[in-house]
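Taken in sequence, the protein lines are chains A and B.
All residue numbers for the first sequence refer to numbering that gives the first Met the number 0, where the first residue is 0 and numbers rise by one.
All residue numbers for the second sequence refer to numbering that gives the first Met the number 0, where the first residue is 0 and numbers rise by one.
Note that the Cβ used here is the ideal one computed from N, Cα and C, for glycine as well.
Note that the structure is predicted; figures quoted are calculated from it, not measured.
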Amino acid sequence: MSTAVAASPVFVPAARDRATAWIAAAALAALAVVPWGLEGGASSLLLALRGQVSHVVLAALAAAALFCAWRGLDRGTALAAGAAVLWTFAAGFAAGPRGTSFGLGAAIALIALTACFARAIARRGAFKGDPTVATIVVVIAALLAAFIFFPVGKVLSAALLDDTGALAPRLAAQRLLASDIWEIQCLTGGTHCGVAINSAVLATLVGLLSTFVGLVLALVVQRGGNRYAAVTKVMSILPIVTPPFVIALALVVLFGRTGIVTTLLNTWFDIPRSRWLYGLPGVALAQLLTFSPIAFLLLHGALAAISPALEEAAQTLRASRWRIFRTVTLPLLKPALANAFLLGFVESLADFGNPIVLAGNYEVLSTKIFFAVAGAQHEPDRAAALAVVLLGLTLVAFWLQQRWIGKLSYVTVTGKGDSGLNAQLPPWLRRTCFGLAVSWFAFTLVCYAIIFTGGFVRDIGRGDMTLTLHHLSQGFAIDPSSTATMFVGSAWDSLFTTLKVAAVSAPLTAIVGLLSAYVITRHRFAGRRAFEFLTMVSFAIPGTVIGVSYIVAFNVAPLELAGGMTILVLCFVFRNMPVGVRAGVAALAQIDRTLDEASSTLRATTTRTLTRVVMPLLKPAILATLVFSFTHAMTAVSAVIFLATAKYNLATVYIINRVEAGEYPLAIAYSSVLIFIMLAILLAVQALVGEARLGRRATPMLAGGG
Amino acid sequence: MKPPQDGVVFDRVSKRYGDVLAVDDVSFRVAKGELVTLLGPSGCGKTTTLRMVAGLEPVSEGRVLIETTDVTLRAANERDVSMVFQSYALFPHMSVLENVCYGPLSMGTDKAKAREIAHAKLRTLGLAGMESRLPSELSGGQQQRVAVARSLVLEPKVLLFDEPLSNLDAKLRRRVRQEIRELQQELELTVLYVTHDQEEALAVSDHIIVMDRGKIAQQGTPRELYEAPASRFLADFIGDANLIDGELSGGAFSAGGVSAPVHSGGTASGPATLAVRPHRLKIVDAGRGPIPGSCKRAAYLGSRNEYVVATAWGELLVFDDDANDLRARDSACALDFDPGAVILLAR
Ligand SMILES: Nc1ncnc2c1ncn2[C@@H]1O[C@H](COP(=O)(O)OP(=O)(O)O)[C@@H](O)[C@H]1O
Ligand SMILES: [Mg+2]
Numbered sequence: 000m001s002t003a004v005a006a007s008p009v010f011v012p013a014a015r016d017r018a019t020a021w022i023a024a025a026a027l028a029a030l031a032v033v034p035w036g037l038e039g040g041a042s043s044l045l046l047a048l049r050g051q052v053s054h055v056v057l058a059a060l061a062a063a064a065l066f067c068a069w070r071g072l073d074r075g076t077a078l079a080a081g082a083a084v085l086w087t088f089a090a091g092f093a094a095g096p097r098g099t100s101f102g103l104g105a106a107i108a109l110i111a112l113t114a115c116f117a118r119a120i121a122r123r124g125a126f127k128g129d130p131t132v133a134t135i136v137v138v139i140a141a142l143l144a145a146f147i148f149f150p151v152g153k154v155l156s157a158a159l160l161d162d163t164g165a166l167a168p169r170l171a172a173q174r175l176l177a178s179d180i181w182e183i184q185c186l187t188g189g190t191h192c193g194v195a196i197n198s199a200v201l202a203t204l205v206g207l208l209s210t211f212v213g214l215v216l217a218l219v220v221q222r223g224g225n226r227y228a229a230v231t232k233v234m235s236i237l238p239i240v241t242p243p244f245v246i247a248l249a250l251v252v253l254f255g256r257t258g259i260v261t262t263l264l265n266t267w268f269d270i271p272r273s274r275w276l277y278g279l280p281g282v283a284l285a286q287l288l289t290f291s292p293i294a295f296l297l298l299h300g301a302l303a304a305i306s307p308a309l310e311e312a313a314q315t316l317r318a319s320r321w322r323i324f325r326t327v328t329l330p331l332l333k334p335a336l337a338n339a340f341l342l343g344f345v346e347s348l349a350d351f352g353n354p355i356v357l358a359g360n361y362e363v364l365s366t367k368i369f370f371a372v373a374g375a376q377h378e379p380d381r382a383a384a385l386a387v388v389l390l391g392l393t394l395v396a397f398w399l400q401q402r403w404i405g406k407l408s409y410v411t412v413t414g415k416g417d418s419g420l421n422a423q424l425p426p427w428l429r430r431t432c433f434g435l436a437v438s439w440f441a442f443t444l445v446c447y448a449i450i451f452t453g454g455f456v457r458d459i460g461r462g463d464m465t466l467t468l469h470h471l472s473q474g475f476a477i478d479p480s481s482t483a484t485m486f487v488g489s490a491w492d493s494l495f496t497t498l499k500v501a502a503v504s505a506p507l508t509a510i511v512g513l514l515s516a517y518v519i520t521r522h523r524f525a526g527r528r529a530f531e532f533l534t535m536v537s538f539a540i541p542g543t544v545i546g547v548s549y550i551v552a553f554n555v556a557p558l559e560l561a562g563g564m565t566i567l568v569l570c571f572v573f574r575n576m577p578v579g580v581r582a583g584v585a586a587l588a589q590i591d592r593t594l595d596e597a598s599s600t601l602r603a604t605t606t607r608t609l610t611r612v613v614m615p616l617l618k619p620a621i622l623a624t625l626v627f628s629f630t631h632a633m634t635a636v637s638a639v640i641f642l643a644t645a646k647y648n649l650a651t652v653y654i655i656n657r658v659e660a661g662e663y664p665l666a667i668a669y670s671s672v673l674i675f676i677m678l679a680i681l682l683a684v685q686a687l688v689g690e691a692r693l694g695r696r697a698t699p700m701l702a703g704g705g
Numbered sequence: 000m001k002p003p004q005d006g007v008v009f010d011r012v013s014k015r016y017g018d019v020l021a022v023d024d025v026s027f028r029v030a031k032g033e034l035v036t037l038l039g040p041s042g043c044g045k046t047t048t049l050r051m052v053a054g055l056e057p058v059s060e061g062r063v064l065i066e067t068t069d070v071t072l073r074a075a076n077e078r079d080v081s082m083v084f085q086s087y088a089l090f091p092h093m094s095v096l097e098n099v100c101y102g103p104l105s106m107g108t109d110k111a112k113a114r115e116i117a118h119a120k121l122r123t124l125g126l127a128g129m130e131s132r133l134p135s136e137l138s139g140g141q142q143q144r145v146a147v148a149r150s151l152v153l154e155p156k157v158l159l160f161d162e163p164l165s166n167l168d169a170k171l172r173r174r175v176r177q178e179i180r181e182l183q184q185e186l187e188l189t190v191l192y193v194t195h196d197q198e199e200a201l202a203v204s205d206h207i208i209v210m211d212r213g214k215i216a217q218q219g220t221p222r223e224l225y226e227a228p229a230s231r232f233l234a235d236f237i238g239d240a241n242l243i244d245g246e247l248s249g250g251a252f253s254a255g256g257v258s259a260p261v262h263s264g265g266t267a268s269g270p271a272t273l274a275v276r277p278h279r280l281k282i283v284d285a286g287r288g289p290i291p292g293s294c295k296r297a298a299y300l301g302s303r304n305e306y307v308v309a310t311a312w313g314e315l316l317v318f319d320d321d322a323n324d325l326r327a328r329d330s331a332c333a334l335d336f337d338p339g340a341v342i343l344l345a346r
């Protein structure tokens with residue numbers, strides 16, 4: 000016994016493990032009664048009884064897993080459950096495109112069996128013997144494999160393979176190092192830069208600027224007293240609930256060649272009309288407006304979590320307000336600042352909505368990929384090569400961020416309840432921040448004024464400001480006397496679909512993301528770094544690539560999802576998950592680990608610790624993730640533009656289509672409706688979830704944080 | 000007398016963090032109903048040892064027993080052990096009552112019963128009336144008591160304390176350590192207590208285990224450790240001691256050309272270190288003692304006078320408990336001691 004201990008210093012659960020058996024039973028029940036295939040129909044057990052060999056094997060393996068789990072034969076459980084999962088996929092893919100597509104029964108059974116496998120290997124010593132951690136890691140990793148790596152791998156292999164499917168290193172190198180990707184002429188006085196250089200320059204600019212703006216806003220809201228809290232709250236949420244191309248449209252209405260401001264400047268000061276907006280300045284401006292609220296939420300959470308005791312300590316050490324800010328507050332914000340920059344950088348790289356409207360000749364990777372796939376000269380290989388480049392750029396950003404933050408860990412919410420008030424900013428800094436924030440809000444306000452009026456006047460683009468409800472009724476007319484449906488407006492269907500998809504995917508995103516963050520920060524297990532990397536990878540994959548790869552990978556059996564609503568939900572969950580992970584990691588880094596340990600010495604299982612201690616303390620992060628993933632699901636364009644169909648159309652896609660058809664007023668009217676709905680929902684969620692009880696005096700908590 | 004029953008058995012346990020050997024082949028026993036202290040300088044492996052008893056860290060080698068059960072492979076939530084953390088680790092989002100109910104509810108006790116026993120424990124610890132407060136609304140001492148109540152409510156076989164007083168002010172520290180000791184004796188708790196403060200250890204313990212660089216340096220009762228430290232490190236670490244390097248020959252110890260009679264006990268003649276507690280030294284008028292010197296510093300502390308006396312044996316710290324009139328600075332004096340009241344350590 001003692002030699003075994005020396006070899007594997009882990010804990011082994013003592014109690015007989017009923018949970019694994021129950022999960023195995025659930026798998027078996029799903030096989031017995033839930034329709035296996037996508038089109039409904041027979042359950043797996045019925046198919047087995049009808050003599051389908053693959054289902055006979057599956058039923059036998061699942062039954063074996065249940066038996067072993069019940070008898071506590073962990074090795075047997077692991078083997079049977081693992082084999083059942085592998086067998087299901089092997090049989091599914093072997094059957095080829097004409098086989099049965101996995102449906103609800105298959106999904107439940109596969110997830111339950113994977114969980115059984117994870118718990119069983121944990122009981123045999125994997126994951127330090129913690130079945131809950133094992134389940135979280137294995138199930139999430141399996142889902143990521145199925146819904147990120149499988150489809151993206153399928154598309155990326157196109158970059159490395161030639162037409163016959165053989166590995167072609169020379170061809171791949173040619174594609175990846177093409178001069179129109181990497182050219183740097185523009186830096187040395189020329190006019191043209193490669194598309195990768197363009198993207199990197201834009202992303203760096205937007206990352207830096209949005210972090211700066213986010214910090215300024217956070218300082219005003221968090222430290223400048225709470226007089227302006229209510230105003231700033233609404234104003235900082237507004238840009239998040241805005242589909243990205245809408246900001247771009249507003250900028251066009253303002254600063255385009257025939258824009259309102261351009262015309263005014265022309266008539267008053269004789270400044271010639273120009274196309275300056277179309278290119279780097281315009282895209283950067285639009286992205287800045289779009290992404291700095293995210294930086295704001297992150298930094299606001301970090302600021303709120305800084306223990307007042309630290310700043311009070313500095314104050315009692317005779318530090319001036321500026322010195323406190325410079326030597327205590329700012330250094331403690333370093334991880335959050337790095338995260339904010341990274342977020343801005345990567346968001347900019349992956350952004351599609353703004354460049355598609357404003358980039359003009361300033362080509363960036365995301366739109367280039369889109370046109371390579373959807374454009375006239377369909378070039379999937381080239382899209383794949385560009386995607387590899389994009390992935391590389393993002394990984395560099397991650398690496399830099401890791402190097403910068405290093406291993407610093409700032410635990411500022413400790414087990415000892417903190418009381419006290421955060422320090423005031425020095426007056427000049429407060430005034431500067433306030434001034435900047437006001438200009439920012441004023442500018443944003445103008446953009447929204449454009450959007451909110453544009454839908455209700457005849458033609459804002461040409462200055463025809465006659466009030467009309469025509470555009471609105473075109474989209475959202477209600478006719479109670481109509482026999483089929485009272486929602487006769489052309490936009491209703493897409494709106495309902497969008498709301499459904501967003502409402503389903505937001506909580507899923509929060510669960511998957513925060514559970515990942517929890518195991519990454521709180522548990523040490525073999526492969527932890529790899530798992531963290533896996534959970535973050537989808538962040539680095541631009542929506543355009545995800546969209547294309549989903550279409551390619553999921554339109555044949557056994558994973559035939561294209562054209563349905565499930566694929567939209569999956570797309571949002573796995574695309575938005577990294578934000579949940581980041582928010583969770585940042586928040587958990589500030590919650591003292593001994594709270595978990597105390598819970599554990601008080602006999603709580605890992606699950607109880609999670610639900611009773613960790614989750615309540617993570618409320619701000621949960622809220623931030625819900626807010627982000629919900630709004631992102633309602634405003635995303637890049638991925639879903641490939642996945643939406645006539646039957647399941649989404650609001651953004653509908654609007655883009657209107658823009659393409661030149662129906663700007665309807666597009667703008669729909670956008671304002673969308674914004675109003677999201678605002679209403681957000682405020683309701685916030686009121687419901689309430690504020691985190693962290694035992695602070697008079698520190699207003701805002702929507703996000705963490 | 001029955002042999003005492005074991006509360007904790009730590010059997011040849013080691014803990015490695017990568018290349019660092021934090022705990023090196025450590026064995027000890029804590030008898031039931033006894034308070035045993037792990038004492039040692041910061042970084043010597045006390046917390047690690049405690050965490051291995053709690054089940055928060057798996058051992059690299061060896062066995063851990065709680066009473067007669069081998070719990071080496073059991074995680075923290077499956078051991079009948081509770082811990083009071085240095086930071087108290089009170090859940091900031093729960094009220095005092097919710098904190099104290101947490102353990103019983105984890106074990107599946109029904110809500111009404113859990114509240115009842117939680118109320119009882121809070122009353123025992125003088126916290127009645129604070130049930131609905133948040134931890135941040137309590138003083139340090141109150142938070143500490145809530146942490147103790149939260150651990151005690153489970154009636155664990157072993158209670159662990161990791162430097163429980165380090166976040167309290169000095170006066171409170173003295174009172175709280177007495178409270179902990181009284182509670183332990185009253186309820187006959189088995190306690191393993193970690194501290195780096197030797198005075199605290201002497202005050203509360205039945206047994207003290209002194210650790211140094213991951214190993215046990217010495218263990219014994221407070222008196223044994225104080226009266227018969229096994230090494231220079233221990234003599235210096237536990238209580239104040241004047242350490243003088245010199246020569247032992249026959250019944251006399253000499254250093255710097257001055258010698259004084261000592262009881263050598265079993266120590267062989269040759270180079271030796273003499274350890275003398277400050278209050279074992281008597282300050283007398285010049286010529287009345289074997290060691291001549293002069294008062295370099297003198298302080299009146301109410302209950303005693305403290306002197307630093309420059310002698311041929313170096314500068315020696317002397318506590319004069321008789322609180323006679325304070326001697327003048329730089330006045331000549333001499334030192335004397337009872338030959339049996341010193342500690343000789345071979346070098
Ligand atoms: N999680 C850890 N990883 C690596 N080294 C550790 C870890 N925990 C403790 N150590 C090391 O083990 C030694 C003992 O630490 P600890 O038990 O905390 O000391 P003490 O509580 O006596 O001050 C120290 O050298 C410390 O650096
Ligand atoms: Mg310690």
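Exercise. Cα separation between residue 405 of chain A and residue 532 of chain A?
Worked result: For the purposes of this step, residue 405 of chain A is taken as residue 406 along the first sequence, with counting starting at 1. For the purposes of this step, residue 532 of chain A is taken as residue 533 along the first sequence, with counting starting at 1. Residue placement at residue 405 of chain A is flagged as unreliable, the pLDDT there being 49, under the threshold of 50; a coordinate-derived value is accordingly withheld.
Problem set entry | Whole-angstrom distance between residue 28 of chain B and residue 269 of chain B, CA atom to CA atom | The residue labelled residue 269 of chain B in the question sits at position 270 within the second sequence. The residue labelled residue 28 of chain B in the question sits at position 29 within the second sequence. CA-to-CA, the gap between residue 269 of chain B and residue 28 of chain B works out to about 36 Å.
For this session: Leaving aside the five residues before and after residue 4 of chain A along the sequence, list all residues of the same chain whose C-beta is less than 6 Å from its C-beta, in chain order.
Result: Counting from one through the first sequence, the residue named residue 4 of chain A turns up at place 5. Below a pLDDT of 50, predicted positions are generally treated as unreliable, and residue 4 of chain A, at 37, falls in that range; the measurement from the model is reported next regardless. Contacts found: none.
Problem set entry | residue 384 of chain A, buried or exposed, once every other Cβ within 10 Å from all chains shown has been counted against 16 | Position 385 of the first sequence, counting from 1, holds the residue named residue 384 of chain A. Residue 384 of chain A should be labelled buried.
For this session: Please decide whether residue 86 of chain B counts as near chain A, where near means a Cβ-Cβ distance under 8 Å.
Result: Mapped onto the second sequence, residue 86 of chain B falls at position 87. True, the Cβ-Cβ gap to chain A drops below 8 Å.
Problem set entry | Within-8 Å CB hit, residue 16 of chain A to chain B | What you label residue 16 of chain A is simply residue 17 of the first sequence in a count that begins at 1. No, its Cβ sits nowhere closer than 8 Å to a Cβ of chain B.
Exercise. Measuring CA to CA, which of B:67, B:19, B:14, B:39 is closest to residue 31 of chain B?
Worked result: Against the second sequence, residue 31 of chain B aligns to sequence position 32. Closest option to residue 31 of chain B, Cα to Cα, is B:67.
Problem set entry | Endpoints, the alpha helix (DSSP H) within which residue 213 of chain A is located | Locating residue 213 of chain A in the first sequence gives position 214, counting from the first residue. 194–222 is the span of the alpha helix (DSSP H), which, as asked, contains residue 213 of chain A.
For this session: Using 7 Å as the cut-off, classify the Cβ of residue 54 of chain B as near or not near the heavy atoms of ligand 1, replying yes or no.
Result: For the purposes of this step, residue 54 of chain B is taken as the residue at position 55 of the second sequence. For ligand 1, not one heavy atom lies less than 7 Å from the Cβ of residue 54 of chain B.
Exercise. Can you tell me the Cα-Cα spacing of residue 496 of chain A and residue 644 of chain A, whole angstroms?
Worked result: Residue mapping note: residue 496 of chain A aligns to position 497 of the first sequence, counting from 1. Residue mapping note: residue 644 of chain A aligns to position 645 of the first sequence, counting from 1. Between residue 496 of chain A and residue 644 of chain A, the C-alpha separation is close to 11 Å.
Exercise. Does the distance from the C-beta atom of residue 132 of chain B to that of residue 83 of chain B stay below 8 Å?
Worked result: In the second sequence, counting from the first residue as 1, residue 132 of chain B sits at position 133. In the second sequence, counting from the first residue as 1, residue 83 of chain B sits at position 84. In this structure, residue 83 of chain B does not lie closer than 8 Å to residue 132 of chain B by Cβ.
Exercise. Using a Cβ-Cβ distance under 8 Å, would residue 101 of chain B count as near chain C?
Worked result: In summary, chain C is missing from the structure at hand, where the protein chains are A and B.
Exercise. Is residue 600 of chain A near ligand 2, going by C-beta to nearest heavy atom under 7 Å?
Worked result: As a working mapping, residue 600 of chain A is identified with position 601 in the first sequence. It does not: the Cβ of residue 600 of chain A is nowhere closer than 7 Å to a heavy atom of ligand 2.
Problem set entry | Endpoints, the beta strand (DSSP E) within which residue 39 of chain A is located | Translated into positions along the first sequence, residue 39 of chain A becomes position 40. Element bounds for residue 39 of chain A: 39–42.
Exercise. Which chain B residues sit within Cβ distance under 9 Å of residue 612 of chain A?
Worked result: The residue given as residue 612 of chain A occupies position 613 in the first sequence. 90, 92, 93, 101, listed in chain order.
Problem set entry | In chain order, each alpha helix (DSSP H) run of at least 4 residues that lies wholly inside the stretch 105–189 of chain B | For the stretch 105–189 of chain B, whole alpha helix (DSSP H) runs of length 4 or above, ordered along the chain, are 110–123, 139–151, 169–186.
Problem set entry | residue 54 of chain A classed as buried or exposed, judged by whether at least 16 other C-beta atoms fall within 10 angstroms | Position 55 of the first sequence, counted from the start, is the residue given in the question as residue 54 of chain A. So residue 54 of chain A ends up on the buried side.
Exercise. Between the stretch 330–348 of chain A and the stretch 505–520 of chain A, do at least 3 Cβ pairs fall closer than 8 Å?
Worked result: no
Problem set entry | Between the CA atoms of residue 594 of chain A and residue 416 of chain A - distance to the nearest angstrom | Walking along the first sequence from the start, residue 416 of chain A turns up at place 417. Walking along the first sequence from the start, residue 594 of chain A turns up at place 595. Bear in mind that the predicted position of residue 416 of chain A carries a pLDDT of just 44, short of 50, making it too unreliable to give a figure here.
Exercise. Do residue 46 of chain B and ligand 2 come close, with the Cβ less than 7 Å from some heavy atom?
Worked result: Reading the second sequence from its first residue, position 47 is the one you call residue 46 of chain B. Yes, ligand 2 has a heavy atom inside 7 Å of this Cβ.
For this session: Below 6 Å CB to CB, which residues in the same chain sit around residue 55 of chain B once its five sequence neighbours on both sides are set aside?
Result: Your numbering for residue 55 of chain B matches position 56 in the second sequence. These residues qualify, in order along the chain: 75.
For this session: Confirm, please, whether the CB-CB distance from residue 219 of chain A to residue 446 of chain A is below 8 Å.
Result: For the purposes of this step, residue 446 of chain A is taken as the residue at position 447 of the first sequence. For the purposes of this step, residue 219 of chain A is taken as the residue at position 220 of the first sequence. Not closer than 8 Å, so no.
Exercise. DSSP three-state call for residue 206 of chain B: helix, strand or coil?
Worked result: Looking up residue 206 of chain B in the second sequence gives position 207. Note: residue 206 of chain B maps to strand in three-state DSSP.
Exercise. Under the three-state reduction of DSSP, which class applies to residue 82 of chain B: helix, strand or coil?
Worked result: As a first step, residue 82 of chain B is located in the second sequence; it is residue number 83 there, counting from the start. It is a strand residue.
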